[in-house]
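K.L.:
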Amino acid sequence: MTTQSRATLADVARLAGVSSKTVSRVFAEAGNVSADTREQVLVAAKRLRFRPNNLARSLRRGGVTNTVAFVIGDLTNPFYFHVAAGIERELALRGLTMVLATTDDSPDSEERVVDALISQRVRALLLIPIADDQSYLEGERQLGTPVVSVDRPARNLLADSVVLQNRLGMAEAVRSLTAIGHRKIGFISNPSAMYTQRERLAGYREALREVGVVETAQWERLDDDPDISPELAVQSLLDLPDSPTAIVAGNNRGSAGAVRVLRNLKPPVAFIGFDDFELADALGISVVAYDTMELGRTAARLALDHLADPGAFTQQIEIPTRLIHRGSGEILPPR
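Taking the UniProt record's numbering, the leading residue of the sequence shown gets 1, the next gets one more, and so forth.
#1: Beta carbon of Gly250, beta carbon of Arg200: below 8 Å?
#2: With 16 other CB atoms within 10 Å as the buried threshold, where does Asp242 fall?
#3: As a quick exercise: from Ala159, Asp276, His82 and Thr102, pick the residue whose alpha carbon is nearest that of His325.
#4: Rounded C-beta distance between Gly73 and Arg297? I'm assuming under 8 Å.
#5: What residue range is occupied by the uninterrupted beta strand (DSSP E) comprising Met194?
#6: Using CA coordinates, which residue listed in Gln165, Leu127 and Met170 is at the minimum distance from Val150?
#7: Tell me which residue opens and which closes the alpha helix (DSSP H) that Glu140 is part of.
#8: Just verifying my parser: in three-state terms, what is the DSSP assignment at Gly296?
#9: When we look at the beta-carbon of Asp115 and count the other beta-carbons within 10 Å, is it buried (16 or more) or exposed?
#10: Whole-angstrom Cβ separation of Leu157 and Arg123, contact assumed at under 8 Å?
#11: Below 7 Å CB to CB, which residues in the same chain sit around Gln134 once its five sequence neighbours on both sides are set aside?
#12: Looking at the secondary structure, which residues open and close the beta strand (DSSP E) in which Asp160 lies?
#13: Going by other Cβ atoms of all chains shown within 10 Å of its Cβ, with 16 needed for buried, is Val43 buried or exposed?
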């Protein structure tokens, strides 16, 4: 099958019977073109399926595009898509478009992906950091490109960030378990080096210390090996001689694995997950939930605020969490 070449600006000018400069003025929305001529050009462009190269025109002028970049990690994680939906809807209200890119949760890929987006003159950059250092963005930030860190703060970079109440949310979950008598509470998380998981682990330990439980290492499964599944982590807790009577998971992946292991267990083990997930309500899974789309909307608003006022103060905003009781977290410990 032969491929038809794209129509050029010169092709449109020839069909419309005008000069190339006139076609350029029409698509630049310049005011010195008559209504009849403008209509001729637009009809010709439609017939030829011509689309102006807005990116090239913007770069020739030394300007920026109407796109805002959002860099995420793992494309298979539904969390990112809910955040992206919130960003996209907020940007659309201002006539901006979101472009999505992924690092595949690879620290080595982050700077390369970000550099490629910046070279396209995006208006702002929203980033879920995965690398240990974001100082490579300082120069771009000083040039006026708003940078907003989403879900976790950037490192070695003065930038706005939008995060969850990770520590508070996990502490609330554990306190709800200790309130009904649980003291042996397991914690599963992957990876443990991530900011969100460190904060949730801190909340877990804090709530247990409040009831006199100081030694928790035997009940913690902080696996950084992607080949170690949440199912194996949960099973290793259940195989302990002094196994936990309740388990909390630090993310939705851990929750899914825990549910598979615990659903038919007798006697039952109490369970609370951090992150709501599809069918959790139907399965009666208690979770620490939050408005994922609001996370995205807030990040977009911060970027837009800096576009409107480049001198705006840098801030960190926390999105509140809430504990949803559905049954699995209300199972009493054995007597």
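Just so you know, even glycine gets a beta-carbon here, dropped at the ideal spot from N, CA and C.
P.N.:
With the structure as the only source:
#1: What you label residue 250 is simply residue 250 of the sequence shown in a count that begins at 1. What you label residue 200 is simply residue 200 of the sequence shown in a count that begins at 1. Yes; because the gap between Cβ atoms is below 8 Å, this pair is in contact.
#2: Counting from one through the sequence shown, the residue named residue 242 turns up at place 242. Looking at its Cβ environment, which holds fewer than 16 other Cβ atoms inside 10 Å, Asp242 is exposed.
#3: Position 325 of the sequence shown, counting from 1, holds the residue named residue 325. That would be Asp276, whose Cα lies nearest to the Cα of His325.
#4: The sequence position of residue 73 within the sequence shown is 73, counting from 1. The sequence position of residue 297 within the sequence shown is 297, counting from 1. Not confirmed; about 20 Å, so no contact.
#5: As a working mapping, residue 194 is identified with position 194 in the sequence shown. Met194 -> no beta strand (DSSP E), and no H or E assigned at all.
#6: Within the sequence shown, numbered from 1, the residue matching residue 150 stands at position 150. Of the listed residues, the one whose Cα sits closest to Val150 is Leu127.
#7: Mapped onto the sequence shown, residue 140 falls at position 140. Counted as a single uninterrupted DSSP element, the alpha helix (DSSP H) harbouring Glu140 occupies residues Glu138 to Gln142.
#8: Here residue 296 refers to the residue found at position 296 of the sequence shown. The three-state reading of DSSP puts Gly296 in helix, counting H, G and I together.
#9: The sequence position of residue 115 within the sequence shown is 115, counting from 1. Burial call: exposed.
#10: Residue mapping note: residue 157 aligns to position 157 of the sequence shown, counting from 1. Residue mapping note: residue 123 aligns to position 123 of the sequence shown, counting from 1. That belief does not hold up - the Cβ atoms of Leu157 and Arg123 are roughly 18 Å apart, past 8 Å.
#11: Residue mapping note: residue 134 aligns to position 134 of the sequence shown, counting from 1. For Gln134, where only same-chain residues beyond five positions count, the Cβ hits under 7 Å are Ala154, Arg155, Asn156 and Leu157.
#12: The residue given as residue 160 occupies position 160 in the sequence shown. Element bounds for Asp160: Asp160 to Leu164.
#13: Translated into positions along the sequence shown, residue 43 becomes position 43. Counting the other CB atoms within 10 Å of its CB gives Val43 a total below 16, which places it among the exposed residues.
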